[in-house]
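Data block below; observations after.
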Amino acid sequence: MATTDLKLTDAGELPKPGPMGRLVRLALGALCLFYVADLWSIRGNPITDAGHIQTPLWTGIIFGLFLVNYVVNIGFSQSWKKWPAILSGLGLVGVAGISKVFYGEYESTLMAYTLLVWLLYIFTHLGMAFVLAALIQTPGCEMRTFHHLWSLVSGQTTKEHICPIGPLTPIDNWEAARQV
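Just so we're aligned, residue 351 is where the sequence shown starts under the numbering used here, counting upward by one.
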């Protein structure tokens, strides 16, 4: 099974994060939201005076392409495998091509705003999910936080998902084993 495969489990199967897991989620959420604030600060002028796309837009592309599968698949309970990253990559390449044809260069305002909107979505969704997961002790992956919040508000159980990447699953398992 690839890490991008959707594998939902029944509520209660995964341990709730303890203090360390919540702290790590909060820190990761803060990092994402600081990056979002940096992106937001250049929204009015994503192109430098020299005509290049601002650095914060370039720095997020690799992370965005890596994370978009998890944000979309787990966050929306869909098993689209690697298609979110493939379509994102093709879309960005397509916009770069359109920029070259119509503006004579890849680093156009169109490309800059496309990157800005795409990165704002990914890192705002992820950052808010991390922070909320820390606050409401969402078991497993932070991308299930909004579903977990719905279950807390409505009383209807929702599915959980193990964290497919990163340190959260080992931390949660370690904390759960220490409580026994």
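Even glycine gets a Cβ: it sits at the ideal position worked out from N, Cα and C.
Beta-carbon gap between residue i and residue j smaller than 8 Å
{"i": "Thr-508", "j": "Ala-361", "result": "yes"}
{"i": "Asp-522", "j": "Gly-371", "result": "yes"}
{"i": "Leu-460", "j": "Ile-448", "result": "yes"}
{"i": "Thr-519", "j": "Asn-419", "result": "no"}
{"i": "Gln-404", "j": "Ile-412", "result": "no"}
Nearest candidate by alpha-carbon position, reference residue i, set the options
{"i": "Leu-442", "options": "Val-467, Tyr-453, Lys-431, Gln-428", "result": "Val-467"}
{"i": "Ala-435", "options": "Gly-414, Gln-428, Gly-447", "result": "Gly-414"}
{"i": "Cys-382", "options": "Ser-438, Leu-364, Trp-500, Pro-406", "result": "Pro-406"}
{"i": "Val-386", "options": "Ile-412, Met-478, Val-503, Val-451", "result": "Met-478"}
{"i": "Pro-514", "options": "Ala-380, Val-374, Asn-423, Ile-411", "result": "Asn-423"}
{"i": "Ile-512", "options": "Ser-458, Ser-438, Ser-427, Ser-501", "result": "Ser-427"}
{"i": "Gly-410", "options": "Asn-395, Gly-394, Phe-384", "result": "Phe-384"}
Contacts around residue i, its chain only, beta-carbon distance under 7 Å, and the 5 residues preceding and following it disregarded
{"i": "Val-421", "result": "Ile-472, His-475, Leu-476, Met-493"}
Close-in-space but distant-in-sequence residues of the same chain around residue i (CB under 8 Å, 5 per side omitted)
{"i": "Met-351", "result": "Bear in mind that a pLDDT of 48 at Met-351, under 50, signals an unreliable position, so the model cannot answer this."}
{"i": "Cys-369", "result": "One detail in the question is off: residue 369 reads as Pro in this sequence, not Cys. Correct list, in chain order: Glu-525."}
{"i": "Ser-501", "result": "Ala-361, Thr-507, Thr-508"}
Span separating the alpha-carbon of residue i from that of residue j
{"i": "His-402", "j": "Tyr-456", "result": "9 Å"}
{"i": "Thr-398", "j": "Leu-378", "result": "29 Å"}
{"i": "Pro-365", "j": "Lys-431", "result": "25 Å"}
{"i": "Thr-359", "j": "Ala-400", "result": "51 Å"}
{"i": "Ser-504", "j": "Arg-375", "result": "24 Å"}
{"i": "Leu-373", "j": "Leu-417", "result": "21 Å"}
Neighbourhood of residue i by C-beta, 6 Å cutoff - its chain only, sequence neighbours within 5 removed
{"i": "Pro-367", "result": "Gln-487, Asp-522"}
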